[in-house]
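Novice: Structure in structure tokens, see below.
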Amino acid sequence: MIVNYVVTVLTLAVIFSVTALALNVRWGWAGEFDFFVYGLLAVGAYVDAVFVLPPVTSSDVGVSYVLGLRMPFIVGALAAMVITGIISLIVGAIALRQLRQVYFGITTFSVVLIMSAFVGQYTALFDGYNGVFGLPQPFNSVLNIPYFQYGYFFLAFCVVILIVVYLVLERVFWSPYGLVLRAIREDEIAAAAFGHSPYAARLKAYVLGGMIAGLSGALLVSYLSAFNTDAWTPIETVLIFACIIIGGTGNGRGVILGTFIVFGVILEGTRFLPDIPGHPDWDAALRAIAIALLVLLSLRFRPQGLLPERHLNDGPTGEGVWSRLRDRMSRNAEAPPS
Amino acid sequence: MTILLHNVGFGLVTASIIALASVAFSLQFSVTTTPNFAHGDILTVGAYAAYGAQLLTNNILIEALAAMVGGAVIASLLNFGLVQPFLRRGAKRLTIFLVTVSFGWILQDLILIIFTGNATVIQLPAVTLQHVGPFLWTQLDEIIIASTVVILALLHVMLRYTKFGTSLRAISDNPQLARLAGINYPRVVQMTWAIDGVIAGFAGFVLAAYVGALTPTIGFSFLVVIFAASVVGGLGKPYGTMVGALVIGLAMEISAGYIPGGYKTSVAFAILIAVLLVRPRGVFSSDVWNFAE
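In structure tokens form, the structure reads like this:
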């Protein structure tokens with residue numbers, strides 16, 4: 001039984017690592033204090049759900065949602081990424097124009113709360129406060145894996161997705177665009193003086209982060225097979241921020257490490273504490289306090305995180321083994337014939 | 339028309355609660371220039387302090403006093419134990435903001451541990467609805483409005499006519515210059531946080547009494563409404579914030595007459611976003627409303 005529990009927590013940690021990587025694009029690279037990322041996770045989850053679920057029939061009393069296309073998971077996940085990308089484009093195009101830092105945070109925070117109230121009240125869209133439920137297991141109509149082994153398969157699948165997302169983001173991080181983005185974060189006016197549009201670069205990062213958040217939402221809803229408005233409260237976003245701050249703002253590996261530390265606290269933190277009668281939430285609250293204290297300690301003693309953001313000369317174009325090899329080869333090629 | 343007037347009456351009550359909470363928030367912002375994300379949780383602490391006092395005594399004045407003391411203690415603790423040490427190390431505004439986020443998170447969970455997540459009720463004397471002019475209020479509503487007016491008037495007198503108030507306005511206008519002029523900067527800032535806590539704690543008590551049920555997230559869920567009122571009035575400008583609270587409170591209650599009540603707070607957020615996009619420094623950012631003059 002304990003193995004199943006570990007698989008559950010590992011799967012959630014992997015999925016939330018993807019979310020944390022998405023927030024890292026916005027907060028770590030571009031420096032936007034973004035609370036919207038968890039709202040996009042929710043949008044991704046809902047969009048995937050209504051693509052995958054069967055249409056509402058008259059026998060489903062009190063259930064209502066749009067579409068119901070009975071599509072495979074891949075289509076649902078792609079649709080989730082497209083829709084979250086479009087929403088990020090709209091919200092980003094408006095909010096990134098003049099809002100910065102804390103004001104940006106307050107605005108995106110409110111947008112998520114408005115969305116949550118709207119989704120909860122307007123039941124025709126995603127079934128209101130009840131939410132969507134009963135999603136089929138991805139790929140299992142083809143693979144037919146028995147129920148108890150399916151958890152391992154899905155964990156492996158999520159790990160593959162995480163690795164792919166990580167590698168893609170590493171490419172972007174070291175690309176000229178990634179450099180421009182971080183230059184804008186450090187000094188917007190200087191970057192603009194070099195002919196880069198801060199607004200366009202920020203907006204691209206915002207859409208990229210949003211699409212990854214949508215993908216993680218699709219993974220999450222497939223794993224939980226249900227989703228409702230209780231699952232996306234503002235405090236969840238704070239948890240993702242905690243993962244990034246503890247692990248290392250701006251560093252993909254650090255972010256994944258931070259997520260696993262936070263989930264480690266959730267998994268192991270209070271296992272040996274006794275139950276207190278009449279206080280059912282006390283161990284969960286204690287774990288939340290432990291994570292908040294970790295964040296405070298990180299901010300005080302290691303604000304750059306456990307694995308700090310890497311700079312140009314730590315990376316593949318600098319001191320790395322490949323670049324040294326490339327340098328040597330080019331030197332040989334340019335050497336005058338003797 | 340009657341319904342509209344009744345909603346305006348409810349709006350005035352809501353606006354009073356928002357005004358208390360957001361003026362405290364704005365006052366603190368004016369000297370620290372960092373929004374306190376734990377502000378909502380200071381309200382919660384105030385409400386639970388009143389609840390704790392209620393377990394010992396049934397005197398509503400002592401409960402209100404407990405709320406004020408509880409709020410002041412927590413706000414001072416946040417400033418003294420976290421914000422000032424981080425500021426001394428040259429932390430950026432965003433770091434301070436994250437510190438307050440974590441502090442609020444800890445407060446919420448501590449309350450959850452001590453009082454459990456079950457909704458509790460602050461017992462109040464029985465009230466009846468009565469017509470006051472065109473409005474329909476209970477005695478509780480009247481007390482809320484009256485006490486808000488008294489507290490805001492006291493605040494006004496303090497800001498305008500005391501040495502402390504002058505120092506506070508000087509710091510808010512130009513901290514460096516204020517320091518050069520010999521103002522005891524740390525003491526004034528610490529006092530401002532304490533006053534912020536007193537008003538916020540009382541606001542939490544009033545909020546819990548008005549809503550009827552008390553949960554560990556009562557203040558946190560009120561936070562964006564507080565943000566909205568403060569931003570509409572101009573962050574760090576207590577006088578503008580009072581008007582902002584009036585705008586938000588009235589908008590929330592009047593809108594409830596036309597669209598489902600579940601969207602009430604969304605109206606406040608929508609106003610907040612609109613103001614941030616059009617006039618990020620607040621609607622009343624002209625000199626007339628400038629707090630330091």
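Residue numbers (this note's numbering), protein chains in the order written: chain Y, 1 to 338; chain A, 339 to 631. C-beta atoms are modelled at their ideal positions from N, C-alpha and C, and glycine is treated no differently.
Once you ignore the five residues that flank T466/A on each side, which residues in its own chain have a CB closer than 8 Å to its CB?
Specialist: T476, Q477
Novice: So, using beta-carbon positions, are L342/A and G539/A closer together than 8 Å?
Specialist: No.
Novice: In terms of DSSP beta bridges, what is T458/A paired with?
Specialist: L552/A
Novice: Using 8 Å as the threshold, is the stretch 568 to 586 of chain A in touch with the stretch 350 to 370 of chain A, meaning 3 or more CB pairs across them?
Specialist: yes
Novice: With three or more beta-carbon pairs closer than 8 Å as the criterion, would you say the stretch 244 to 258 of chain Y touches the stretch 419 to 434 of chain A?
Specialist: Counting Cβ pairs under 8 Å, fewer than three are found: no touch.
Novice: Determine the DSSP secondary structure at F36/Y, reduced to helix, strand or coil.
Specialist: F36/Y falls in the coil class under three-state DSSP.
Novice: Tell me which residue opens and which closes the beta strand (DSSP E) that H469/A is part of.
Specialist: Unbroken beta strand (DSSP E) run through H469/A: 467 to 470.
Novice: Does the Cβ of M496/A have 16 or more other Cβ atoms within 10 Å, making it buried, or fewer, making it exposed?
Specialist: exposed
Novice: Give me the DSSP bridge partner(s) of L474/A.
Specialist: H469/A
Novice: Comparing C-alpha positions only, which one of V3/Y, P303/Y, A226/Y, I289/Y sits nearest to Y152/Y?
Specialist: Cα-wise, what sits closest to Y152/Y is V3/Y.
Novice: Which residues, in chain order, does the stretch 112 to 127 of chain Y contribute to contact with chain A at a C-beta distance below 8 Å?
Specialist: L113, I114, A117, F118, G120, Q121
Novice: Return no unless some Cβ of chain A is closer than 8 Å to the Cβ of D281/Y.
Specialist: yes
Novice: So, is K204/Y buried or exposed, given that buried needs 16 or more other C-beta atoms within 10 angstroms?
Specialist: buried
Novice: What are the boundary residues of the alpha helix (DSSP H) that D379/A is part of?
Specialist: 377 to 394
Novice: Does any residue of chain A bring its CB to less than 8 Å from the CB of A192/Y?
Specialist: no
Novice: Please decide whether F565/A counts as near chain Y, where near means a Cβ-Cβ distance under 8 Å.
Specialist: yes
Novice: Let me know the secondary structure DSSP gives F241/Y once reduced to three states.
Specialist: helix
Novice: Between P373/A, F375/A, G408/A, which lies nearest to G390/A when the distance is taken from Cα to Cα?
Specialist: G408/A
Novice: Got a sec? Which residues, its chain only, sit under 7 Å from F186/Y by beta carbon, not counting five neighbours each side?
Specialist: Phe is not the amino acid found at residue 186/Y; the sequence shown has Glu there. The answer is none, since no qualifying residue turns up.
Novice: Taking 7 Å as the limit between beta carbons, can you name the residues of its chain near L365/A, skipping five residues before and five after?
Specialist: T530, I533, D534, P576
Novice: Alpha carbon to alpha carbon, what distance is there between F502/A and G210/Y?
Specialist: 48 Å
Novice: Given this structure, state the Cα-to-Cα distance separating G214/Y from I90/Y, to the nearest angstrom.
Specialist: Put simply, the backbone Cα of G214/Y is about 15 Å away from that of I90/Y.
Novice: Is the stretch 232 to 250 of chain Y in contact with the stretch 29 to 42 of chain Y, if contact means three or more CB pairs nearer than 8 Å?
Specialist: Yes: the two stretches touch, three or more of their Cβ pairs being nearer than 8 Å.
Novice: Taking the CB atoms as reference points, tell me whether M590/A and G428/A lie closer together than 8 Å.
Specialist: no
Novice: For the alpha helix (DSSP H) holding F104/Y, just list the boundary residues, first then last.
Specialist: Counting along the chain, the alpha helix (DSSP H) containing F104/Y begins and ends at 101 to 121.
Novice: Could you run through the stretch 591 to 618 of chain A and flag, in chain order, every residue whose CB is less than 7 Å away from some CB of chain Y?
Specialist: Flagged, chain order: P598, G600, Y601, T603, S604, F607, A608, L610, I611, L614, L615, P618.
Novice: Could you give the first and the last residue of the continuous alpha helix (DSSP H) run that contains E170/Y?
Specialist: 147 to 174
Novice: What residue range is occupied by the uninterrupted alpha helix (DSSP H) comprising Y596/A?
Specialist: Neither: Y596/A is in no alpha helix (DSSP H) and is coded neither H nor E.
Novice: Could you tell me whether any non-hydrogen atom of the ligand SAH is closer than 7 Å to the CB of A30/Y?
Specialist: Inclusion of the ligand SAH in the displayed structure is not the case, the ligand content being empty and no account of it being possible.
Novice: I need the straight-line Cα distance from A410/A to A484/A, nearest angstrom please.
Specialist: Between the C-alpha atoms of A410/A and A484/A there is a straight-line separation of about 22 Å.
Novice: Can you give me the C-alpha to C-alpha distance between F263/Y and A413/A, rounded to a whole angstrom?
Specialist: 31 Å
Novice: So the alpha helix (DSSP H) S216/Y belongs to, where does it begin and stop?
Specialist: 198 to 224
Novice: State the start and end residues of the unbroken alpha helix (DSSP H) segment that holds Q366/A.
Specialist: 340 to 370
Novice: Name the residue from L381/A, A359/A, A362/A whose alpha carbon lies nearest to the alpha carbon of P554/A.
Specialist: L381/A
Novice: Using three-state DSSP, classify F133/Y as helix, strand or coil.
Specialist: strand
Novice: Quick check: is the beta carbon of Q149/Y nearer than 8 Å to any beta carbon in chain A?
Specialist: no
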